[in-house]
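Engineer: Here the sequence shown stands for residues -17 to -1, 1 to 1083, numbered as in mature numbering (1 follows the signal peptide of the UniProt record, and there is no 0). Just so it is clear, CB atoms sit at the ideal spot from N, CA and C, and this is done for glycine as well. Keep in mind it's a predicted model, so treat the numbers as computed, not measured.
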Amino acid sequence: MCKIGGLLLLLIIVVMARDNSVMAAMLLNRTVRFSVIAPDDPGHPQSLRIILPIIKLAARNISDPERGILPGWKINITSFDSECSSTYGPLAAFEVKDRTDAFLGPVCDYVIAPVCRYAGEWKIPVLTAGGQADLFVFKKEYYKTLTRLMGSYKFVSVALRTILAHFGWSVAGLLYFDYGLLSNKGHSICHFTLGPVFTALGQSSVHKSFNETAAVPEFRNLLEFVSNHSRIVVVCADPPVVREILLVAEEMNMIDSGEYVFFNIELFNSTLTHTPWHVANDTEERNNRAKKAFTALLTVTAKTPDTPAYLNFSDEIKAIAKETHNFTFGPDPVSTFVTAFYDAVLLYAQALNETLAFGFNGSIGEEVTRRMWNRTLQGITGPFTVDANGDRITDYSLMDMDPETNTFKIVANYIGAKRKLEPVPGKKIHWAGGRLEPPPDKPVCGYDNSLCKTMPVYAILSIVLSSIVVLLAIASAFIYRHYKLEAEIASMTWRVYSSEIGHILQHAKFRGSMHSLVRRGSQQTVFSEDGISLFGDMRGQMFVPTAVYKGNQVAIKSINKSRIDLTRPLLLELKRMKDLHHDHLVRFYGACIDPPNGCILTEYCNKGSLQDILENEQFKLDWMFRYSLMHDIVKGMAFLHHSDIKSHGSLKSSNCVVDSRFVLKIADFGLRSLRESSGSLEDSDSYAYWKRLLWTAPELLRLGPQAPPEGTQKGDVYSFAIIIHEIVSRQGPWGKLGHISLQPREIVESVKNCSGAKCLRPSTSDLCCDEEVSALMKRCWAEDPADRPDFNTLKATIRKLNKDNESNNILDNLLSRMEQYANNLETLVEERTADYLEEKRKCEELLYQLLPKSVASQLILGQSVVAETYDSVTIYFSDIVGFTSLSAESQPLQVVELLNDLYTCFDSIIENFDVYKVETIGDAYMVVSGLPVRNGLNHAREIARMSLALLTAVKSFTIRHRPWDQLKLRIGMHSGPCVAGVVGLKMPRYCLFGDTVNTSSRMESNGEALKIHVSPYTKEVLDTFGTFELELRGEVEMKGKGKMTTYWLLGEKTSSISGSTGGERGDSLTSVPVVSSPYTPVATTRYLPPSTTQQQQQHC
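Here it is as structure tokens:
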């Protein structure tokens, strides 16, 4: 039987060896090989000295022959010092990758990252109590075989968020230690711890970091920053740093106020003590302050079991560490970050056992890893769960300082599987500042107490006293105004005595409307309106009596009352009338109440009423004029409606008067009790009575005698509509009713008794006006007063109609038009002047091309040009050899084009020299230097250089109609005196006189083609420069001169000319560089005769 079992086992081993050599070796040797990678630093909470004893204990237990998971197996443990280096740690992994079954560790994040990436490719499981940073959550992509036995910092963030929510907090400030930017250690554990915490709390929280150089001043700044955003402060740093931060907080009164709660994230509870506030080598005073400060601190740490089994296990670990590694633990139980490696060995052994029992496909490392994830197992700390991502779901404890024992004790536990905070029975949290409940994270008064600042007593007293002073000032102002009003009423500043009124003019002569505006002072009539009606179509004009009051001509309206009772309302109205001032209201000067001379004095407007202007056919009113009249009425009525007078009540065209500046003003408003005398009521059958009612609104007509004498504002709008119709039609009120002819009484009765939708109104069908004006009239005389606009609306409407003439009055509009015309005229004059100056400039430029500028300037000024003698000039002559035969073989236009092209080329060259072109005659070309502006002896040099440049240009010149021919230029030059002046009145020319001109011409005619013939006098001048190369020709017979020794000009030395471009003969000589300007040959109809140079005494 044993043999059969042995054969089966051997068969299994052979099959497995064929599929997986690692598993075959493991089965054959019954050996598990663990590689432990961790730092050997005693100060590290997970150093080799701390975790190796517990790993060895776990290996011994799992291989126990009787109770072990892998009974009788051999567990090989190899350890490596990673130094927490991302270099040495991976090197250790590479060294043992072929002889290890699982990695225990690394524990440092910067070592875990590369090792786990490689292990994933090697398919070797990695079990560690570190690697809690959030980036290790990406298992499938980067860390395929990583199992974290202390979970993730994400679980810490969930736990802290649950704790804060338990107390109703949602906002927190985070302060944490992190290495400086220049440090080679990367980020700290606190950085990785609070990163997920900040993400979990959201953007409402704030965070600040500090490095190892931070001291008390920076801690104070950090706490001030946090206090402006939160009352819950989460701190992560070494215990001494946390103590210093709390001491600063105590100094800033953040502890005694009871408004702040501090959290310390200390997951490695091996560094915790029950009295972290006490430091042995510190002063008693600081220790007492720290003890008070720690009352506001709650500590979050990994949950450590307090069961007897765990305590015994912890003692066993301490004994092994002391015996095998000479390491001594503290008095507290061993941290779960250390005992997690015991659970790691158990977890691996259990997964390996199941893998061997049930078989697998693929890699044993991947299969073991898969079986370690998403399961629950009984560990040394109790049951623990590894989630589907290979992370252990961890529990945390919340610790608070007991004020009786001054030691930190667990008051609640966070159960990760339940995501719930469970208080410890019989324990409670002690809040700082004597509070019995947790403080709010958002203070009621705001972080800076700005929402409920209490006002100091002195401020309250100041406000009360200020209010009393203001009330007294207001009361005093009202009392003062009341007494001032009473004083003004009592003073009767409006009163005028009869003795103050002089020169009352009572013009009894009647004037027709044709002369009403022509003659001043004709505003009076003795005819009644009944009498006027007898004249039929003859329209008369109403005048008012005038007088002189204090040097001003005023209008007089009599008060036909035997007695005037000065009641308070009347006195108040008189005062208001006196105070009323507006550009479009007739000014009220005062009233005389001395019977029988009672009268009202108002401003006199000498242009008559609006009715007079409209009836006077001599006035031609354009629409600017009419809109201005409407605008003046609207502005005056708008002001009147907003004054104490409130309304007019009798608005009509005869009550709108025009002053000398053509400003329309409203008259006859207010003081109805004085204006309407009891004995002056017209007969109800009279023509004047009914005509006066033509402007009255229908609702006022229906009221009859009960109508208010001051009228209504909507009634004034109706009256304004009738006035607009008058202005447009110029045929009086109700001047157009279509084909119907009605008397005033009939019109008034029809308006009054209107029934139905259509009421009698003036006709607008035949009016020549804009649609806007017609619509405005209809709106203003609407039957329902509520449908009529007010004068403010009318002001805006009229302004739109009269937008081009928005000044105050007609005269201003006229003046504005004149000013605009003047401005336009100035602009036109400036444009014409500019055109003239431009043409003048063109003419002067043309003249400067025909004559020297100095000569032309004298001619422009009207001065006579006196001939001038020049002692030394050089004259240039040239012609074309064979030009006569060339002209005979060419068409005239071709000759013209040839000469135009040639001289355009020459002209562009000579502009670069100090020379003056005298003239061209046929093929002859004459140039002079040294006049009209003298240049010393430079004239010979300028002509010589110019000659060399022209000779060079001719050699490359192409004849358009004979491109195969070469022009042969013949040049002659001579120096000497001459006389220059302008001759003739018609086409005046600047001419040269003297023997020098003849000699120059002889030098040219006796020269040779493509050569420059120089006289001995010019040669003598050129020699003074020492730069020109000349060749002796010999004696030449000159007509009229006899024999003369002459020379050929060969060129100028290169070294003496700045910017020369080449030599004519060898490297030592050069011709002056040709400055060619682009030109376009232009054909002309002028014929130039092909004659040679004229040889005469005068050359023009």
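Kindly list the residues whose CB is nearer than 8 Å to the CB of P681, restricted to its own chain and excluding five residues on each side of it in sequence; keep chain order.
Structural biologist: Answer for P681: Y701, V734, K735, C737, C742 and E766, listed in chain order.
Engineer: Put D374 into one of helix, strand or coil per three-state DSSP.
Structural biologist: Look at D374 here: in three-state DSSP terms it is strand.
Engineer: Taking the alpha carbon of C575 as the point to measure from, which residue in I596, I542 and L634 has its own alpha carbon closest?
Structural biologist: I542
Engineer: Return the bridge partner residues of K191 from the DSSP annotation.
Structural biologist: L158
Engineer: So, using beta-carbon positions, are S210 and Y430 closer together than 8 Å?
Structural biologist: yes
Engineer: Only counting the same chain, and skipping five residues up and downstream in sequence, which positions put a Cβ closer than 7 Å to that of F202?
Structural biologist: E227, I228 and V231
Engineer: Keeping to the same chain, check which residues put their C-beta closer than 7 Å to that of R685; ignore five residues upstream and five downstream.
Structural biologist: K735
Engineer: In the DSSP output, what is S958 paired with across the bridge?
Structural biologist: T857
Engineer: Go ahead and label residue 1086 buried or exposed: buried means 16 or more other beta carbons lie within 10 angstroms of its beta carbon, across all protein chains shown.
Structural biologist: Any property of residue 1086 remains undetermined from this structure, which presents the chain solely from -17 to 1083.
Engineer: Go ahead and label I20 buried or exposed: buried means 16 or more other beta carbons lie within 10 angstroms of its beta carbon, across all protein chains shown.
Structural biologist: buried
Engineer: Rounded to whole angstroms, what's the CA-CA distance from S213 to P426? Just pull it up for me.
Structural biologist: The straight-line gap from Cα to Cα measures roughly 9 Å.
Engineer: Please go through the same chain and pick out, in chain order, the residues whose beta-carbon is closer than 6 Å to the beta-carbon of K635, but skip the five residues on each side of it.
Structural biologist: In the same chain as K635, and ignoring 5 residues on each side of it, the C-beta atoms closer than 6 Å to its own belong to W678, in chain order.
Engineer: On the CB-based measure, 16 or more other CB atoms within 10 Å of its CB, does C826 come out buried or exposed?
Structural biologist: So C826 ends up on the exposed side.
Engineer: Thinking just about the alpha-carbon of each residue, which of A817, T352, G959 and T1001 is nearest to the one in S930?
Structural biologist: T1001
Engineer: Where does L664 land, buried or exposed, given buried means 16+ other C-beta within 10 angstroms?
Structural biologist: Legend: pLDDT at L664 = 49, less than 50; position of this residue unreliable, no value from coordinates given.
Engineer: For I412, tell me which candidate among Y397, C428 and I393 has the shortest Cα-Cα distance.
Structural biologist: I393
Engineer: Let me know the secondary structure DSSP gives N309 once reduced to three states.
Structural biologist: coil
Engineer: Using DSSP with H/G/I as helix, E/B as strand and the rest coil, what is D64?
Structural biologist: strand
Engineer: Tell me whether the beta-carbon of P552 lies closer than 8 Å to the beta-carbon of G632.
Structural biologist: no
Engineer: I'd like to check one pair, L676 with L593: are the Cβ atoms closer than 8 Å?
Structural biologist: Not a contact, by the Cβ cut-off of 8 Å.
Engineer: Below 8 Å, how does it come out for the region 980 to 993 and the region 946 to 956: are there three or more Cβ pairs, yes or no?
Structural biologist: yes
Engineer: For S1059, count the other beta carbons within 10 Å of its own beta carbon; 16 or more makes it buried, fewer makes it exposed. Which is it?
Structural biologist: With a pLDDT of 34 at S1059, under the threshold of 50, the modelled position of this residue cannot be trusted, and the question is left open.
Engineer: In terms of residue numbering, what span does the alpha helix (DSSP H) encompassing P366 cover?
Structural biologist: Not the alpha helix (DSSP H): P366 falls in the beta strand (DSSP E), residues G365 to V369.
Engineer: I think E349 touches K106, with their Cβ atoms under 8 Å apart; what is that distance to the nearest whole Å?
Structural biologist: 5 Å
Engineer: Go through its chain and collect everything with a Cβ distance to P960's Cβ below 8 Å, but skip five positions before and after it.
Structural biologist: T852, Y853, D854, S855, V856, G977 and T979
Engineer: Looking at V139 and T176, is the spacing between their C-beta atoms short of 8 Å?
Structural biologist: yes
Engineer: Over the uninterrupted alpha helix (DSSP H) stretch that includes residue 1099, give me the two end residues.
Structural biologist: Residue coverage of the chain in this structure runs from -17 to 1083, which leaves residue 1099 outside it and unanswerable.
Engineer: What span of residues does the beta strand (DSSP E) with D383 cover, start to end?
Structural biologist: Y379 to D385
Engineer: Just to confirm the assignment, what range does the alpha helix (DSSP H) spanning S482 have?
Structural biologist: Segment: none, S482 is in no alpha helix (DSSP H) and carries neither H nor E.
Engineer: Using a 10 Å radius around the Cβ and a threshold of 16 neighbouring Cβ atoms, would you call C763 buried or exposed?
Structural biologist: buried
Engineer: Mind the definition here: the region 408 to 422 touches the region 164 to 176 only if three or more C-beta pairs lie below 8 Å; say whether that holds.
Structural biologist: no
Engineer: In this structure, what does DSSP give as the bridge partners for M909?
Structural biologist: For M909, DSSP records a beta bridge to F860 and E902.
Engineer: Are the CB atoms of V90 and T61 nearer to each other than 8 Å?
Structural biologist: no
Engineer: Given this structure, state the Cα-to-Cα distance separating N589 from V569, to the nearest angstrom.
Structural biologist: 12 Å
Engineer: Would you kindly report the start and end of the unbroken beta strand (DSSP E) that includes I393?
Structural biologist: T390 to I398
Engineer: Is the distance from the Cβ of K1026 to the Cβ of E1018 below 8 Å?
Structural biologist: yes
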